[in-house]
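Engineer: Just so you know, the sequences run in chain order A and B.
The working numbering puts the first residue of the first sequence at 16, with every later residue one more than the last.
The working numbering puts the first residue of the second sequence at 145, with every later residue one more than the last.
Even for Gly, the Cβ is constructed at its ideal location relative to N, Cα and C.
Let me give you the structure first, and then I'll get to my questions.
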Amino acid sequence: MSVNIMLPTPHKIIDIIRETGNEYTFRIETNAKVKHGQFFQVSLPKVGEAPISVSAMGDGWVELTIRKVGKVTNEIFNLKPGDKIFMRGPYGNSFPVDDFKGKDLVVIAGGTGVSPVRSLLKYFYEHPAEIHSLHLIAGFKDEKSILFKEDLSNFRKRFNTIYTLDKDKIEGFEVGFVTEHIKKIPFDSFENYNVVIVGPPVMMHFAALECLKNGVPEGKIWLSFERKMSCGVGKCGHCKINETYVCLEGPVFNYTKAKNLLD
Amino acid sequence: MGYCVSIKRMNEILKELQKEYKIYAPVRFEKRGRYSDTDLIRYAEINSIEDVVYDEKSDFSPKEVIYPITQALFYFTEYEYMESKIDDKKILIFARPCDINGFRRLDTIFLKNGGTEDIYYKRLREKVKFILMECKEGGWDSCFCVSMGSNKTDDYSLAVRFEDDNILVEIKDDEFTNLFGDEREVEFTPEFVTSNPTKVNIPEIDSYELLKKIYDLDMWKSYNSRCISCGACTAVCITCSCFTTLDVTYTENGKVGERRRVHASCMHEDFTIMAGGLSFRKTAGERMRFRTLHKIYDYKLRFKDEHMCVGCGRCDERCPELISFAATINRLYDEVKKLKKAETTKDIK
Chain A
16 MSVNIMLPTP
26 HKIIDIIRET
36 GNEYTFRIET
46 NAKVKHGQFF
56 QVSLPKVGEA
66 PISVSAMGDG
76 WVELTIRKVG
86 KVTNEIFNLK
96 PGDKIFMRGP
106 YGNSFPVDDF
116 KGKDLVVIAG
126 GTGVSPVRSL
136 LKYFYEHPAE
146 IHSLHLIAGF
156 KDEKSILFKE
166 DLSNFRKRFN
176 TIYTLDKDKI
186 EGFEVGFVTE
196 HIKKIPFDSF
206 ENYNVVIVGP
216 PVMMHFAALE
226 CLKNGVPEGK
236 IWLSFERKMS
246 CGVGKCGHCK
256 INETYVCLEG
266 PVFNYTKAKN
276 LLD
Chain B
145 MGYCVSIKRM
155 NEILKELQKE
165 YKIYAPVRFE
175 KRGRYSDTDL
185 IRYAEINSIE
195 DVVYDEKSDF
205 SPKEVIYPIT
215 QALFYFTEYE
225 YMESKIDDKK
235 ILIFARPCDI
245 NGFRRLDTIF
255 LKNGGTEDIY
265 YKRLREKVKF
275 ILMECKEGGW
285 DSCFCVSMGS
295 NKTDDYSLAV
305 RFEDDNILVE
315 IKDDEFTNLF
325 GDEREVEFTP
335 EFVTSNPTKV
345 NIPEIDSYEL
355 LKKIYDLDMW
365 KSYNSRCISC
375 GACTAVCITC
385 SCFTTLDVTY
395 TENGKVGERR
405 RVHASCMHED
415 FTIMAGGLSF
425 RKTAGERMRF
435 RTLHKIYDYK
445 LRFKDEHMCV
455 GCGRCDERCP
465 ELISFAATIN
475 RLYDEVKKLK
485 KAETTKDIK
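And the structure:
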């Protein structure tokens, strides 16, 4: 009998970090080799299963930042350190990190979209010699939606950062959507660069258009898609767009491909 | 090699086969049809050859035999979980050529896509052998298998033709030869439908520019009011394979339950909805476009060999709003022709 691709295994929760009122980061024990941008199918028996992207990884653990937003995630929020959570994966492709090395990188992330790029940001934060420069625009709805406060504060030290809230004015944060700050990125001064955009579909759409307006070639833009998935392995059909399965060929897409993925 | 077998003898052979096989065929469920005093024909285990409804098209496809509408993946007890199991018996399915060709599409999704195999599908699929049933001449009104190239197949172990008192049987699989050894030998190979009353033209979509224009066609909007997003078309389709996983607990004991998968439909409003409420393809027209293009464009774009639709026409028969998929394909063909013509005219100007 071949391997059962739908079979999850139990993993111990090592720690739970409260990011906001309804977003917690769960550090989970696993030896899985995870690439930046991949996701797991996370489940609780008798409750259900959902795809969750990896927000950080280390030796013997991964972190999943989860928003309390549905049946499965509501139940996950009742778990305590030491409890077991079920996972299978990691699934999907990843950001082309090797391509990013030695060049300039612009990361534009909105809201929970910061989660899938957090491990990438942490990697270059810990290996500053591997990147020529890193510009980060991170946007949140309001003060209480700000995720990864400690990381954001660290990133200020080594990256060129623009943090922004949709409307509120607080210290250290600009006001307005991430798209409004893209023109501040010195694209002209870059020799060779890439742009990563992750966030809600509307935000990614307009951020990409704004980048193109600022002269960024399509091939330099990378997006990460979010879709409903019941399997994560190309069987259930929920994430299909045209001939493309987001779980298999994605969730990370170059803009030249992403622009043709029309729902 | 062909044989002429009496009904009585065929039933004896079935009895013999049933020691090793579960035998499925289209079966009549009286008064269970969609309208009052109509029957429903769907696949079920048979007890005798007389159970086989050979002279009508089944309302539902045989996919449910190996890809059930609901299927337990795991059983959960308080602190354990276990994989669901299946019966040891092998499976024989009385099937039409279009459906046998349809199973190949299901194989592609479940056994090839993404380079992984779905064991729940595989463990039943590898037990299956087909008994090919001939269709009546030209097929039925809604059939368009010839247009889709799925009117023929050689993927069967036995082929049968039902006559008044006898059944003609062709044996292609040596495993079954012994059972028919004493029967009268005749010349018999099955005949396939070579022309249907319904024909479709498949539009050639050769660029993303054209695809984008197809997305914007007004024709899809007409389905917004007509299609009620019930998913009946995908439920009866031999090639529709989408599912949702669902965890349930048993009413009598909430600590025990199962993870099951249930057929899902891209025509349903909630097919793409994520926790938090974000969804895509919000109108019936957009979903109709998605299904149409999957069946006659992007499946082939991905897997190369053949279109997903086999032209069984069950979706046409089953739609409560009388939307014809064949007509939809032909309508799209005409629209694409217009788009291409407009493009050529523009080039000349």
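Below 8 Å on the Cβ atoms is my guess for residue 408(B) versus residue 65(A); work out the distance and round it to an integer in Å.
Structural biologist: So it is not a contact: roughly 15 Å between Cβ atoms.
Engineer: Can you tell me which of the three DSSP states residue 240(B) falls into?
Structural biologist: Coil, per DSSP.
Engineer: On a CA-only basis, which of 106(A), 135(A) and 98(A) is nearest residue 115(A)? Give me that one, please.
Structural biologist: For residue 115(A), the nearest C-alpha among the options comes from 135(A).
Engineer: Is there a Cβ from chain A that is less than 7 Å from the Cβ of residue 386(B)?
Structural biologist: Judged by the 7 Å Cβ criterion, residue 386(B) is in contact with chain A.
Engineer: Buried or exposed, going by whether 16 or more other CB atoms sit within 10 Å of the CB of residue 465(B)?
Structural biologist: Counting Cβ neighbours within 10 Å, residue 465(B) comes out exposed, since fewer than 16 surround it.
Engineer: Flag this pair as yes or no: are the beta carbons of residue 381(B) and residue 459(B) separated by less than 7 Å?
Structural biologist: In contact: residue 381(B) and residue 459(B) (Cβ atoms closer than 7 Å).
Engineer: Could you tell me which of 157(B), 203(B) and 163(B) sits nearest to residue 179(B), measuring between CA atoms?
Structural biologist: Checked all of 157(B), 203(B) and 163(B); the closest Cα to residue 179(B) is 203(B).
Engineer: Determine the DSSP secondary structure at residue 16(A), reduced to helix, strand or coil.
Structural biologist: Below a pLDDT of 50, predicted positions are generally treated as unreliable, and residue 16(A), at 49, falls in that range; no measurement from the model is reported.
Engineer: Using a beta-carbon distance cut-off of less than 8 Å, what residues from the stretch 332-362 of chain B approach chain A?
Structural biologist: Per Cβ criterion, the list reads 352, 355, 356 and 359.
Engineer: Closest by CA to residue 267(A), which one among 122(A), 107(A) and 171(A)?
Structural biologist: For residue 267(A), the nearest C-alpha among the options comes from 107(A).
Engineer: Below 9 Å on C-beta distance, what does residue 257(B) contact in chain A?
Structural biologist: What residue 257(B) touches in chain A: 248, 249, 250, 260 and 263.
Engineer: Name the residues in the stretch 444-470 of chain B whose C-beta lies less than 9 Å from a C-beta of chain A; which are they?
Structural biologist: For the stretch 444-470 of chain B, which is checked against every Cβ of chain A, the residues closer than 9 Å are 444, 445, 446 and 447.
Engineer: To the nearest angstrom, how far is the alpha carbon of residue 165(B) from that of residue 259(A)?
Structural biologist: C-alpha separation (whole angstroms): 39 Å.
Engineer: Report the neighbours of residue 253(A) on chain B: residues whose CB is nearer than 8 Å to its CB, in chain order.
Structural biologist: Those within 8 Å of residue 253(A) in chain B are 386, 388, 408, 415 and 416.
Engineer: Can you tell me which of the three DSSP states residue 277(B) falls into?
Structural biologist: Residue 277(B) falls in the strand class under three-state DSSP.
Engineer: Counting only runs that start and end within the stretch 17-87 of chain A, where is the beta strand (DSSP E) found for 3 or more residues in a row?
Structural biologist: As far as the stretch 17-87 of chain A is concerned, its whole beta strand (DSSP E) runs of at least 3 residues are 24-35, 38-44, 54-59, 63-73 and 76-82.
Engineer: Got a sec: which bits of the stretch 369-381 of chain B sit with their beta carbon under 7 Å from any beta carbon on chain A, in order along the chain?
Structural biologist: Answer in chain order: no residues at all.
Engineer: Name, going along the chain, the residues of the stretch 220-235 of chain A whose beta-carbon falls closer than 9 Å to a beta-carbon of chain B.
Structural biologist: Listed by position, the residues of the stretch 220-235 of chain A near chain B (Cβ gap below 9 Å) amount to none.
Engineer: Give me the DSSP bridge partner(s) of residue 306(B).
Structural biologist: Partner(s): 311(B).
Engineer: Looking only at C-alpha atoms, which of 156(B), 358(B), 281(B) and 405(B) sits nearest to residue 385(B)?
Structural biologist: Checked all of 156(B), 358(B), 281(B) and 405(B); the closest Cα to residue 385(B) is 405(B).
Engineer: In three-state terms, what does DSSP make of residue 438(B)?
Structural biologist: Helix.
Engineer: Going along chain B in order, which residues have a C-beta closer than 9 Å to the C-beta of residue 242(A)?
Structural biologist: Near residue 242(A) (Cβ distances below 9 Å), the residues of chain B are 416, 418 and 424.
Engineer: Identify which residue in 291(B), 364(B), 337(B) and 359(B) has its Cα closest to the Cα of residue 343(B).
Structural biologist: Nearest of 291(B), 364(B), 337(B) and 359(B) to residue 343(B), Cα basis: 291(B).
Engineer: Count Cβ pairs between the stretch 38-57 of chain A and the stretch 121-138 of chain A that sit closer than 8 Å; are there 3 or more?
Structural biologist: Yes: the two stretches touch, three or more of their Cβ pairs being nearer than 8 Å.
Engineer: How close, in whole Å, do the beta carbons of residue 174(A) and residue 142(A) come, if the pair is a contact with beta carbons under 8 Å?
Structural biologist: Not really, about 13 Å apart at Cβ, beyond 8 Å.
Engineer: Classify residue 70(A) as buried or exposed, calling it buried when 16 or more other Cβ atoms lie within 10 Å of its own Cβ.
Structural biologist: So residue 70(A) ends up on the buried side.
Engineer: Run through DSSP, which three-state label would residue 452(B) get?
Structural biologist: If DSSP states are grouped into helix, strand and coil, residue 452(B) belongs with coil.
Engineer: Can you tell me the Cβ-Cβ gap for residue 271(B) and residue 234(B), rounded? I've got them flagged as a contact below 8 Å.
Structural biologist: That pair is a contact at about 5 Å.
Engineer: For the stretch 259-279 of chain B, which residues have a beta carbon sitting closer than 9 Å to at least one beta carbon of chain A?
Structural biologist: Correct list: 259, 260, 261, 262, 263, 264, 265, 266 and 267.
Engineer: So is residue 435(B) buried or exposed if we call it buried at 16+ other beta carbons inside 10 Å?
Structural biologist: Buried, by the Cβ-count rule.
Engineer: Rounding to the nearest angstrom, what Cα-Cα distance links residue 87(A) and residue 388(B) in this structure?
Structural biologist: The alpha-carbon atoms of residue 87(A) and residue 388(B) are separated by roughly 14 Å.
Engineer: Thinking residue 72(A) and residue 246(A) are a contact (beta carbons under 8 Å), I'd like their distance in whole angstroms, please.
Structural biologist: At roughly 23 Å, the Cβ-Cβ gap does not stay under 8 Å, so residue 72(A) and residue 246(A) are not in contact.
Engineer: May I ask which residues mark the beginning and end of the alpha helix (DSSP H) holding residue 399(B)?
Structural biologist: Counting along the chain, residue 399(B) falls outside any alpha helix (DSSP H), though it belongs to the beta strand (DSSP E) covering 397-407.
Engineer: Tell me which residues of the stretch 16-50 of chain A have at least one Cβ-Cβ distance to chain B shorter than 8 Å, keeping chain order.
Structural biologist: So the list reads 16, 17, 18, 19, 20, 21 and 22, given in the order they occur along the chain.
Engineer: Go to residue 219(A), then tell me how far its alpha helix (DSSP H) extends in each direction, as first and last residue.
Structural biologist: From DSSP, the alpha helix (DSSP H) with residue 219(A) extends over 216-228.
Engineer: Is the CB-CB distance between residue 402(B) and residue 169(B) below 7 Å?
Structural biologist: No.
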